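Participant: Can you read through this structure? Questions will come right after.
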Amino acid sequence: MNDKTDMNDTTDKPAVFTDTHTHLADPLLTERAAEVIRQADGAGVRRFIVPSANRGDWKAVSDLAADNIIPAFGIHPWWAGGTSERQDLDSLADYLAGHPQAWVGEIGLDYLRASDDAQRQRQRGLLAAQLQLAGDYRRPFVLHNVRSTADLLVLLKQYRNPCGGIVHAFSGSLEEAAAFCKLGLKIGIGSLLLNPQAKKARRAAAELPLEHIVLETDSPYMSEGGTPADISRIAEIVCGLRGIGLPELSAATERNVDGLLAFSSAV
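The letter at position 203 of the sequence shown is residue 203 when you use full-length UniProt numbering, and the numbering goes up by one with no holes.
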C-alpha cells in the first residue's frame with residue numbers, strides 16, 4: 001500500500017512518535033531511566049503509555065505519571081484467578097478514580113498460558129470486570145491477545161467502550177485486525193517487525209489503513225535490550241513497507257494516539 005496522499009501537509013513537520021506500550025516501571029528500564037528517556041528523545045519518541053501487569057506494579061507505574069507519560073493500571077490475564085482478585089479489582093477502581101489520565105491495561109486473554117477451560121473462564125471473567133471498569137470510568141484500554149481473538153471479540157461487543165483502546169503487539173490476520181478496528185480499537189504495530197519472518201505483522205503494517213495504526217515497543221520485552229528508542233527502527237520499517245516518509249507516519253500515528261488520549265484527558 002502506498003499512502004502518499006497529503007504529503008505536502010507533513011513533510012515540514014518533525015517526525016515525533018509515541019511508544020504506546022513500554023514497561024518503563026520494569027527494573028530493566030528504571031535502573032537507567034535518565035539514559036532511556038534521553039535515548040528515546042534523541043530518536044524522536046516524546047510520549048509514552050506505560051501499562052502494568054498486576055497490583056504490585058501500580059505504585060511504580062503511578063510514580064512515573066507525567067504530562068508525557070500516561071499510566072495504565074490493570075491485571076494481566078496471567079494473574080487471573082488469584083485469591084485476592086476481588087480486592088485487586090476494588091483497588092483498580094480506586095486507582096482509576098485517583099488518576100483521571102490513566103488507562104486500563106494491560107488486560108486481555110492469553111490462551112497459550114491457560115491450561116484448561118476453567119482457567120480460560122477465569123481469564124474471561126477478569127477481562128469482563130476490567131472492561132466494565134474501563135467503560136464506567138470512560139478510559140481507553142490496552143489489550144493483550146494470544147490465541148483468543150474469537151472470545152475477545154465477543155466480550156468487546158458485550159462491553160462496548162466508546163473510548164476505544166489498543167490491541168497490543170498485533171500478530172494476527174488482516175481480517176482479525178478489521179474486526180477489532182470495527183469496534184473502535186487501534187492496532188499496535190511494534191517490535192515483531194524487527195523479525196523479518198513475522199509475515200503477518202509485516203502485512204498488517206503494510207496494508208492496514210493508517211488511521212488504525214499506532215506504534216509500540218513492549219520494551220524491555222520482545223527484543224533483547226529493547227527500549228522506547230526502538231520506535232525509530234520500527235517506524236522506518238513501516239515506512240519502507242508502505243512507501244511513505246517518516247513525517248507522514250508520525251502525523252497519522254500521533255493523531256491516532258491523540259484521539260485515544262482525548263477521552264482520558266476529558267475526564
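Using N, Cα and C, we set each Cβ at its ideal position, and we do this for glycine too.
Just so it is clear, the structure is predicted and the values come from calculations on it, not from any experiment.
Look at the alpha carbon of Gly125 and the alpha carbon of Ser91, and state the distance between them as a whole number of angstroms.
Facilitator: Their Cα atoms are separated by approximately 17 angstroms.
Participant: Around the C-beta of Asp19, are 16 or more other C-beta atoms found within 10 angstroms, so that it is buried, or is it exposed?
Facilitator: Asp19 comes out buried.
Participant: If I measure Cβ to Cβ from Gln39 and keep anything under 7 angstroms in the same chain, skipping five residues before and after, which residues do I get?
Facilitator: Result list for Gln39: Thr227, Ala229, in chain order.
Participant: Which runs of the beta strand (DSSP E) at least 3 residues long sit entirely within the segment 106 to 192? Give them in chain order.
Facilitator: Those beta strand (DSSP E) runs which fall completely within the segment 106 to 192 and span 3+ residues are 141 to 146, 165 to 167, 185 to 189.
Participant: Do the segment 99 to 107 and the segment 47 to 56 touch if we need at least three Cβ pairs shorter than 8 angstroms?
Facilitator: Judged by Cβ distances under 8 angstroms, the segment 99 to 107 makes contact with the segment 47 to 56, as three or more pairs qualify.
Participant: Determine the DSSP secondary structure at Arg46, reduced to helix, strand or coil.
Facilitator: The answer is strand: DSSP assigns Arg46 an E or B state.
Participant: Run through the DSSP bridge pairs and tell me what Phe17 is partnered with.
Facilitator: Val45, per the DSSP bridge assignment.
Participant: Hey, would you say Ala169 sits closer than 7 angstroms to Asp218, going by beta carbons?
Facilitator: Yes.
Participant: Drop a sphere of 10 angstroms on the beta-carbon of Met1, count the other beta-carbons inside from all chains shown, and report buried for 16 or more, exposed for fewer.
Facilitator: Confidence at Met1 is low in this model, with a pLDDT of 45, below 50, so the placement of that residue is unreliable and no value is reported for it.
Participant: Pick out whichever of Leu215, Ala43, Asn145 has its Cα sitting closest to the Cα of residue 269.
Facilitator: Missing from the structure shown is residue 269; the chain here goes from 1 to 267 and no further.
Participant: Which stretch, first to last residue, makes up the alpha helix (DSSP H) that contains Ile70?
Facilitator: First-last for Ile70: 69 to 73, but that is the beta strand (DSSP E), not the alpha helix (DSSP H).
Participant: When you compare only the Cα positions, how much space is there between Val45 and Ala53?
Facilitator: C-alpha separation (whole angstroms): 23 angstroms.
Participant: If you compare alpha carbons, which of Arg203, Val154, Gly135 is closest to Gly172?
Facilitator: Nearest of Arg203, Val154, Gly135 to Gly172, Cα basis: Arg203.
Participant: Which whole-angstrom value describes the C-beta separation of Gly184 and Ile166, a residue pair presumed to lie in contact below a C-beta threshold of 8 angstroms?
Facilitator: No, Gly184 and Ile166 are not in contact; Cβ-Cβ is about 11 angstroms, not under 8 angstroms.
Participant: Let's see if you can read the secondary structure: which residues bound the alpha helix (DSSP H) around Leu215?
Facilitator: Element bounds for Leu215: not the alpha helix (DSSP H) but the beta strand (DSSP E), 213 to 215.
Participant: Under 8 angstroms by Cβ, that's how I've got Leu96 and Pro220 pegged, so tell me the actual separation to the nearest angstrom.
Facilitator: Not really, about 26 angstroms apart at Cβ, beyond 8 angstroms.
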